[in-house]
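Engineer:
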Amino acid sequence: GIQVEQSPPDLILQEGANSTLRCNFSDSVNNLQWFHQNPWGQLINLFYIPSGTKQNGRLSATTVATERYSLLYISSSQTTDSGVYFCAAPPAGGYQKVTFGIGTKLQVIP
Amino acid sequence: NAGVTQTPKFQVLKTGQSMTLQCAQDMNHNSMYWYRQDPGMGLRLIYYSASEGTTDKGEVPNGYNVSRLNKREFSLRLESAAPSQTSVYFCASSVGGLTEAFFGQGTRLTVV
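Chains as they are written, first to last, in the numbering used here: chain P, 1339 to 1448; chain D, 3 to 114.
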């Protein structure tokens, strides 16, 4: 099946700093999602981004499907951004067999 | 709009006991999923249902059964719980197989 790798595995930021999280996938994908799991365990949808760039406030994401990667940008980080960020994708033709990366654990300190 | 609702939120079982995790969605989605999350392993797909009346195995189906009761509800059953099934379980739904998925709040299950 498809392999999804995320980097870095851990990240500590000072409040106000910017960061880039990366998601590489081993095969062609038909969609890609980014999630934020907050410290209470809730999974929050950030982006559904099969290709191109989307922005939502301080967060933006870019997927380059032909090069098999996606990036999540967090600008002016806040302590509420802490948690684990996951990307998830099904392989092309792999209907519904979505594979998750193991996540990037982000800690934003005041 | 409640989205995806899971019950219970927490459960402790003894080895060998059985239980059913319930999931319901009110978004008129066709596809529903069960995942488990273990430390350091991300989320792994247990079973999914492409549409009402169909179910299929995911990556880690052993020890579980599922029922797609109707379009709204998708349950996960542990017939004889084992300590290895201690995990956080998430239900999710989407319009179709390749569309955006939405997750419930999770069920934290401990098997002792």
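Glycine is no exception: its CB is placed at the ideal position from the N, C-alpha and C atoms.
Does the contact criterion of 3 or more C-beta pairs under 8 Å hold for the segment 21–40 of chain D versus the segment 67–83 of chain D?
Structural biologist: In short, these stretches touch, since the Cβ pair count reaches three.
Engineer: Measuring CA to CA, which of P:G1439, P:L1351, P:L1384 and P:S1364 is closest to D:F105?
Structural biologist: Locating residue 105 of chain D in the second sequence gives position 103, where the first residue counts as 1. D:F105 has its Cα closest to that of P:L1384, out of P:G1439, P:L1351, P:L1384 and P:S1364.
Engineer: Find the nearest neighbour of D:P10 within the set D:S95, D:Y91 and D:A103, judged by alpha-carbon distance.
Structural biologist: By one-based count along the second sequence, residue 10 of chain D stands at place 8. Ranking the options by Cα distance to D:P10, first place goes to D:Y91.
Engineer: Output, in chain order, the set of chain D residues within a Cβ distance shorter than 7 Å of P:G1354.
Structural biologist: Here residue 1354 of chain P refers to the residue found at position 16 of the first sequence. By Cβ distance, chain D contributes nothing, its closest Cβ being about 29 Å from P:G1354, past 7 Å.
Engineer: Taking a cut of 9 Å between CB atoms, which residues from the segment 86–112 of chain D lie near chain P?
Structural biologist: Result list: V90, F92, A94, S96, G98, G99, L100, T101, E102, A103, F104, F105, G106, Q107, G108 and R110.
Engineer: Given D:F1, which residues of its chain have a CB within under 6 Å of its CB, disregarding the five upstream and five downstream residues?
Structural biologist: Because chain D here runs from 3 to 114, residue 1 of chain D falls outside it and cannot be looked at.
Engineer: On the CB-based measure, 16 or more other CB atoms within 10 Å of its CB, does P:W1378 come out buried or exposed?
Structural biologist: Counting from one through the first sequence, the residue named residue 1378 of chain P turns up at place 40. Classification of P:W1378: exposed, given that the 10 Å Cβ count is below 16.
Engineer: Measuring CB to CB, does P:R1406 end up less than 8 Å from P:F1363?
Structural biologist: As a working note, residue 1406 of chain P is residue 68 in the first sequence. As a working note, residue 1363 of chain P is residue 25 in the first sequence. Cβ distance < 8 Å, so P:R1406 and P:F1363 count as in contact.
Engineer: To the nearest angstrom, how far is it from the Cα of D:G108 to the Cα of P:Q1380?
Structural biologist: Indexing the second sequence from 1 puts residue 108 of chain D at position 106. Indexing the first sequence from 1 puts residue 1380 of chain P at position 42. Between D:G108 and P:Q1380, the C-alpha separation is close to 7 Å.
Engineer: Looking at C-alpha atoms only, which residue of P:V1446, P:T1442, P:P1448 and P:I1447 is the closest neighbour of P:S1345?
Structural biologist: Along the first sequence, one-based indexing puts residue 1345 of chain P at 7. Taking only the C-alpha atoms, the option nearest P:S1345 is P:T1442.
Engineer: Against chain P, with Cβ distances strictly below 8 Å, would D:M1 count as a contact?
Structural biologist: Here chain D comprises residues numbered 3 to 114, so residue 1 of chain D is not present and cannot be evaluated.
Engineer: List the residues that DSSP assigns as beta-bridge partners of P:L1359.
Structural biologist: Here residue 1359 of chain P is taken as the residue at index 21 of the first sequence, counted from 1. According to DSSP, P:L1359 bridges with P:L1410.
Engineer: Cβ of D:Y49 within 8 Å of Cβ of D:G65?
Structural biologist: Along the second sequence, one-based indexing puts residue 49 of chain D at 47. Along the second sequence, one-based indexing puts residue 65 of chain D at 63. In this structure, D:G65 does not lie closer than 8 Å to D:Y49 by Cβ.
Engineer: D:L78 versus chain P: which residues are under 7 Å apart at the beta carbon?
Structural biologist: As a first step, residue 78 of chain D must be located in the second sequence, where it is residue number 76. What D:L78 touches in chain P: nothing, since even the nearest Cβ is about 16 Å away.
Engineer: Please state the DSSP three-state secondary structure of P:E1405.
Structural biologist: Counting from 1 along the first sequence, the entry for residue 1405 of chain P is found at position 67. Residue state, collapsed to three classes: helix.
Engineer: Could you tell me which of D:C93, D:W36 and D:Q87 sits nearest to D:K16, measuring between CA atoms?
Structural biologist: Stepping through the second sequence from its first residue, residue 16 of chain D is reached at position 14. Looking at the Cα atoms, D:Q87 is the closest of the given residues.
Engineer: Would you kindly report the start and end of the unbroken beta strand (DSSP E) that includes D:R70?
Structural biologist: As a working note, residue 70 of chain D is residue 68 in the second sequence. It spans Y66 to R70 - the beta strand (DSSP E) in which D:R70 sits, taken as one unbroken run.
Engineer: By Cβ distance below 6 Å, which residues in the same chain neighbour P:S1398 in space, the five residues on each side in sequence not counted?
Structural biologist: Taking the first residue of the first sequence as 1, we reach residue 1398 of chain P at position 60. Result list for P:S1398: Y1411, in chain order.
Engineer: Bridge partners for P:N1369 per DSSP, in chain order?
Structural biologist: Position 31 of the first sequence, counting from 1, holds the residue named residue 1369 of chain P. According to DSSP, P:N1369 bridges with nothing at all.
Engineer: Return the residue from the list P:R1360, P:L1444 and P:T1417 that minimises the CA-CA distance to P:T1401.
Structural biologist: Translated into positions along the first sequence, residue 1401 of chain P becomes position 63. It is P:R1360.
Engineer: What residues in the segment 39–56 of chain D have a beta carbon less than 8 Å from any beta carbon of chain P?
Structural biologist: So the list reads G42, M43, G44, L45, R46, L47, Y50 and A52, given in the order they occur along the chain.
Engineer: Does the separation of the CB atoms of P:L1370 and P:P1347 fall below 8 Å?
Structural biologist: Here residue 1370 of chain P is taken as the residue at index 32 of the first sequence, counted from 1. Here residue 1347 of chain P is taken as the residue at index 9 of the first sequence, counted from 1. No, the pair does not count as a contact, with Cβ atoms beyond the cut-off.
Engineer: If you follow the beta strand (DSSP E) that P:N1394 is part of, which residue opens it and which one closes it?
Structural biologist: As a first step, residue 1394 of chain P is located in the first sequence; it is residue number 56 there, counting from the start. Here the beta strand (DSSP E) through P:N1394 covers G1390 to N1394.
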